[in-house]
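What follows is a set of notes on a single structure, which appears directly below.
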Amino acid sequence: MTPDARAARAAITIAALPASEAGACAVDRRTFLQDSVAVVALGAPGSWAAWREAIARSHEQRRPLLTEETFNAHVQSIRSQGATAERDFVTAVRSDVRALLRGRFALTAVQERNIAAFSTADIATIVSAVDRGFLPRNAFRLRLVSSRVAVRPGMDRKASAECDVTAERSATQLPDGAIAEVWTVVIAP
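Residue numbers (this note's numbering): 7 to 195.
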């Protein structure tokens with residue numbers, strides 16, 4: 007077994023939970039590997055040692071790592087709880103988006119640096135997209151991309167020192183024929 011394969015197996019082993027906790031937060035190998043790609047997008051650590059540290063921190067804090075999937079699942083959970091939960095989420099984003107991310111998700115060191123480097127314009131972009139995405143019939147999501155080339159023409163580009171934060175608006179037709187806006191915050195390292 008190569009050193010990289012041993013490190014990968016060690017990272018997956020750290021992600022495994024004791025059987026007594028398996029029902030609450032179990033992570034199987036396939037899910038771990040799929041979700042890990044999204045962590046890389048916002049600036050995940052480069053070495054396997056850093057990966058192990060991030061996964062261990064996630065388990066220690068009993069919070070999920072910040073990934074596209076975990077964030078969007080959190081948003082869906084909020085939407086399913088009703089208007090009060092949605093208002094609370096929007097208020098929390100308006101108050102301090104950094105504190106919201108730090109309080110809900112385990113962050114890697116690189117993610118923490120990127121979030122700390124959000125400029126006023128970056129935060130305004132996020133708040134605006136959340137405000138619009140949480141209007142009735144609209145949708146909101148987060149997309150983490152691994153390179154700046156994925157930022158498309160027509161996107162509202164706001165650059166920070168560490169990463170680009172943009173907001174993208176698209177439209178989708180609902181079953182009743184109405185049009186809904188989908189607001190996506192895109193973060194590219």
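Quick reminder that beta carbons are idealized off the backbone N, C-alpha and C, glycines included.
**Prompt:** For V191, does the three-state DSSP call read helix, strand or coil?
**Reply:** strand
**Request:** Work out the CA separation of E187 and A177 for me, nearest whole Å.
**Result:** 5 Å
**Prompt:** Is the Cβ-Cβ distance between P195 and N120 less than 8 Å?
**Reply:** yes
**Prompt:** Tell me which same chain residues have a C-beta within less than 6 Å of the C-beta of T171, skipping the five on either side of it?
**Reply:** Note on residue identity: the sequence assigns Val, not Thr, to residue 171. Hits under 6 Å: D128, T131, K164 and I193.
**Request:** In angstroms with no decimal places, state the Cα-to-Cα distance between S64 and T76.
**Result:** 12 Å
**Limits of the unbroken alpha helix (DSSP H) element including D182** = Unbroken run through D182: none, as it is neither H nor E.
**Asked** Taking DSSP as the reference, what is the three-state secondary structure of S166?
**Response** Reliability fails at S166, whose pLDDT of 37 lies under 50, so the model's placement of it is uncertain and the value that follows must be treated cautiously. Residue state, collapsed to three classes: coil.
**Message:** Could you give the first and the last residue of the continuous beta strand (DSSP E) run that contains L148?
**Reply:** A145 to L150
**Prompt:** What separation, rounded to the nearest whole angstrom, lies between the Cα atoms of L113 and Q82?
**Reply:** 20 Å
**Request:** Assign E74 to buried or exposed, taking buried as 16 or more other Cβ atoms, counted over all protein chains shown, within 10 Å of its Cβ.
**Result:** buried
**Asked** Leaving out the 5 sequence neighbours to the left and right, which residues in its chain are closer than 6 Å to V43 when beta-carbon positions are compared?
**Response** Because the pLDDT of V43 is 46, which lies under 50, any placement of that residue in the model is unreliable, and the question is left without a value.
**Request:** Would you please state the rounded distance, in angstroms, between the beta carbons of W189 and R138? I believe it to be under 8 Å.
**Result:** 5 Å
**Asked** Can you tell me whether DSSP reads Q141 as helix, strand or coil?
**Response** First, the residue type needs correcting, since residue 141 is Leu and not Gln in the sequence shown. Here L141 sits in coil by DSSP.
**Prompt:** Taking the C-alpha atoms as reference points, what is the distance between A123 and V103?
**Reply:** 12 Å
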